[in-house]
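Worksheet for the structure shown next.
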Amino acid sequence: MTTARWRRLVFLCLSWWTTHALAIGLETAGKQTQQGPSLGKVQVFEDISGKMSLDDILTLSAGNPRGFLPVQRDRLKPGFTHSAWWLRGVVNNQSATTLPLVLALPDARLQHVDFYTGRGGHWIHGGTDPADLASRPASSRYPLVDFTLAPGEQVLFLVRVASDTALTLEPRLYSAAAYDAMEKRAALWDGGLIGGTLALAWCALLIAYFSRSGSFLVLAALCAMTALFEAADRGYTKIYLWPQATDWSSRSVTVFGCIAVLLFIVFILRIAHDEKAKLPARYILFGFALLECVAATGAAFGNLFVFAQLGLHLNALFGVVTVVIAARLARQSTPTARIMLLTMIFSLFNFALRMLEELSSLPAGLAWLKSDIHPNPVVAIIGLATNLIVLAAWINHVGKQRIAVRTELADWQRTEHDRLRDQVAQRTLELNETLGYAEEKNQQLIETLGYVSHDLRAPLATITSYARLLLNLADSKQESLIQAIERSVNYQLGLIDELVGYAKAELQPLDIVPVVTDLPALLDDIAEYALALCVQLNNQFHYQALTSLPRRLIIDGHRLQQVLLNLLSNASKFTRDGMVMMTVRARRQDHQWHIGFEVADTGVGMDIDEQSKLLTAFRQIQSVNGSTGLGLFIAQRIVNIMGGDLRVSSAPHRGTSFSFELIVPTAEDPDASLSNLVQYSSGGPAQIHPRFKHRLAVTVLPEGDRRELAVLAKDGRLTDIERWIDKMLSIHPSCAAFLTEARHCLEALDFAGIEALALAPYETSRVARPC
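Under mature numbering (1 follows the signal peptide of the UniProt record, and there is no 0), read the sequence shown as residues -23 to -1, 1 to 748, first letter to last.
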């Protein structure tokens, strides 16, 4: 079955059910009406001032032109007016039994209604004014009055009606049983209408949740607001939601109606936006949406008389505009345009039915739509059915769209897969070509390194030969200088040999070969190199072993020398007329030694940003002739391979400190002797000194000061130790290395280490003089 046939079948079923139920209701109402009493001809009087009392009305005579007049259609529905309207009628009971009767005005929007009953010349106030609710305050949707008539009795009624809403003056007389039956039928019809609309809202909400569609979310809000409008228009909200807010009961009809129309406009705009449809009069719809907001807000908080008329005329004008938009959409052959056209046609049809029924102008062919229930539920049910058809068509349209999108997505995925496969093949070919080119360049680089390394060896070998010849003819003073030259040349030859090995191993440098090494001798050699480096910029050099050092360790002495010389060279380059210091400390743990090295200077220093980039290849903090920026990078790599971590601490214009710690095994028995605490320093500007080895002078604090430090450390007096170190540094600046080690121990809260450092045995034969 096609979608069009399914829609036609649903519409026919709903129409038959509606007609059948309405015919049964009309037949039942007709039977009950024949059994009831009669309401005489009703007369009406317009109180233009709106301030006349019951006594004023009673003074009017029937023949007075300004008095009561027979009811005509324009007087039954005066519409919006500030006048108060008085109705006068007589109820006769011509039956032979006493009857309970109900006189009602079937309009839930009326604000002020007063019933007056006249019997035996006395008038009784019926009291259905909101300030004085009568006998049915909790269950009545309409203004009404209950009374009982004996057989042959008649009662005169006066009814005063005043409201800021559109007035409809159609009093109806029911027997109590007939009224209750009508209310039950109305509850059945209205429950189906309101419940169906809420069910429609729930379905749209579920679809919006699962499809993540904003349009269905707006549709759910529209259905919910329509249900509230229908409930307020029929008086159910006044009974169940806000029974005490009588003023809001009248206002809510206009407010909910305007909000429902506003949501309908938003729904249309959302569909046009999501489907990228060209919607005519788009900005006109935006204007209507703004005016609906104004009307809803004014009806809720402002003058209801003004804004209720504004809402009514605005919605009527919107219906006309909807006709124009639907006509324009008919020219578009897209599925979205057809769905929007169907939506607007059904909405317009429902609105037209409401207006014709409200004006009692239904054509003779639509007489079956009439009902004794007010507002007419048949028209509302038809509106609900049209909304269901629109929703079904829209769901069907969205389903087709999803299928089309999935098909398009599958085609796009296949196309994209083929494109990516071709692109990957092309990139792979380009990468293979680039890799071949890189391998060729790498081979050229390796050959170039080999050639350069070979050419560098020749002049250095010549220098070594001449140095050996001069060594045979030199005296004792010249011998140490020539030996220093020979050691420097040998160090450079070692680096060139490494470069040759680097080229032969295809870029696999920095191998570590641990061997048994005499650590104190190695450090003495490095200290002599450092003295020569510091001469160039008139710097002082200090080297000190802060603790006793092991004599023999298993370590790659060549790599350690390379690291320390790179650090010392770097410190000497960026320090002028200052001081370069190298300190070493050692502690034993199990069968391993923890050897700590630190190279510090008083040079230019650097800030934090420069420190984070310092250990990068070819990175220099300042441009220096003969510097490539590789020294620190190479030092870091060597330290990392040896199991340590190169740390830097610096501040602008206060110097820089590099430190690292290595864990190395010992090559001695546990009882082997250790080297004593030594210091190697240049007294003034750095000069080349004879090789002192371990006969260097040790500069230490006086014994009394060191004992004071030991007492402070034993008591754990942190602040006093800091002040003591600052004091000693200002008094004995040449003991900076000793005091620096003490400060390191203090930062680690190692009071035992400070005490051991202060009480360490310093041999008198090795102490030239105290600080």
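Note that CB positions come from ideal geometry on N, CA and C, so glycine has one too.
Source: prediction; values computed, not measured.
Taking the Cβ atom as the reference point for each residue, do V466 and T425 lie within a distance shorter than 9 angstroms? no
Counting contacts by CB-CB distance shorter than 9 angstroms, is S152 in contact with chain D? Absent here is chain D; the protein component of the structure consists of one chain.
Give the straight-line distance between the Cα atoms of R305 and L281, rounded to the nearest whole angstrom. 35 angstroms
For the candidate residues L514, F635, D584, G620, whose alpha-carbon lies nearest to that of L542? F635
Give me whichever residues DSSP pairs with L46 in a beta bridge. V21
Roughly how many whole angstroms lie between the Cα atoms of P120 and R96? 21 angstroms
As a quick exercise: from L76, W166, F92, S549, pick the residue whose alpha carbon is nearest that of L126. Shortest Cα-Cα distance from L126 to any of L76, W166, F92, S549 involves L76.
Quick one: what's got a C-beta closer than 6 angstroms to F57's C-beta in the same chain, skipping five residues either side? A143, Q286
What residues match up with L123 in a beta bridge as DSSP calls it? According to the sequence provided, residue 123 is Asp. The question's Leu does not apply to it. Secondary-structure assignment with DSSP links D123 through a beta bridge to V79.
Report yes or no: do three or more beta-carbon pairs, one from the region 529 to 543 and one from the region 488 to 508, lie closer than 8 angstroms? yes
Is the beta carbon of V122 less than 9 angstroms from the beta carbon of V67? no
Quick check on the DSSP output: the alpha helix (DSSP H) that includes H250 runs from which residue to which? 223 to 251
Would you mind stating whether L177 and F244 have Cβ atoms separated by less than 9 angstroms? no
Alpha-carbon to alpha-carbon, A266 and T384: C-alpha separation (whole angstroms): 37 angstroms.
G212: buried (16+ other C-beta within 10 angstroms of its C-beta) or exposed? buried
Starting from A176 and walking both ways along the alpha helix (DSSP H), at which residues does that stretch end? 153 to 188
For the beta strand (DSSP E) that L639 lies in, which residues bound it at each end? Unbroken beta strand (DSSP E) run through L639: 632 to 642.
Since V492 and D533 are thought to touch, with beta carbons under 8 angstroms apart, how far apart are those beta carbons, to the nearest angstrom? 7 angstroms
How is the beta strand (DSSP E) around H535 delimited, first residue to last? No beta strand (DSSP E) contains H535, which is instead part of the alpha helix (DSSP H) from 534 to 550.
My assumption, with CB atoms under 8 angstroms, is that E732 sits in contact with A690. Please give the rounded CB distance. Contact flag correct, Cβ pair sits at about 4 angstroms.
Quick one: Cα of S140 to Cα of Y186, how far? Cα-Cα distance, rounded: 43 angstroms.
Leaving out the 5 sequence neighbours to the left and right, which residues in its chain are closer than 7 angstroms to T74 when beta-carbon positions are compared? Around T74: P128.
Roughly how far, in whole angstroms, is the beta-carbon of L545 from the beta-carbon of L510, given that I think they are within contact range, below 8 angstroms? Taking the Cβ atoms as the reference, L545 lies roughly 6 angstroms from L510, within the contact range of under 8 angstroms.
With a threshold of 8 angstroms on Cβ separation, who are the neighbours of R624 within its own chain once the five nearest residues in sequence on each side are excluded? F635, S636, F637
Straight-line gap, L146 to G279 (C-alpha atoms, nearest Å): Computed Cα separation, rounded: 25 angstroms.
Rounding to the nearest angstrom, what Cα-Cα distance links L(-12) and G27 in this structure? Low confidence applies here, because L(-12) scores a pLDDT of 48, under 50, leaving its location unreliable; read the following figure in that light. Their backbone Cα atoms lie some 50 angstroms apart in a straight line.
Counted within 10 angstroms of its Cβ, other Cβ atoms place I248 as buried (16 or more) or exposed: Answer is buried; the Cβ neighbour count reaches 16.
By the 10 Å Cβ neighbour count, where 16 or more other Cβ atoms means buried, how is A209 classified, buried or exposed? buried
Buried or exposed: which applies to R162, given that a residue is buried once 16 or more other Cβ atoms fall within 10 Å of its Cβ? buried
Got a sec, what are the start and stop residues for the beta strand (DSSP E) R96 sits in? 89 to 96
Have a look at L133 and V90 and give me their C-alpha separation to the nearest angstrom. Approximately 17 angstroms between the Cα atoms of the pair.
For F124 and L240, the rounded distance between their alpha carbons: Distance between the alpha carbons of L240 and F124 is about 45 angstroms.
Look at the alpha carbon of V19 and the alpha carbon of H102, and state the distance between them as a whole number of angstroms. V19 and H102: Cα-Cα distance of roughly 19 angstroms.
Secondary structure of Q400, DSSP reduced to three states: The answer is helix: DSSP assigns Q400 an H, G or I state.
Bounding residues of the beta strand (DSSP E) (the contiguous stretch that carries E575): 569 to 578
Among G582, Y260, W63, which has the Cα closest to the Cα of S626? G582
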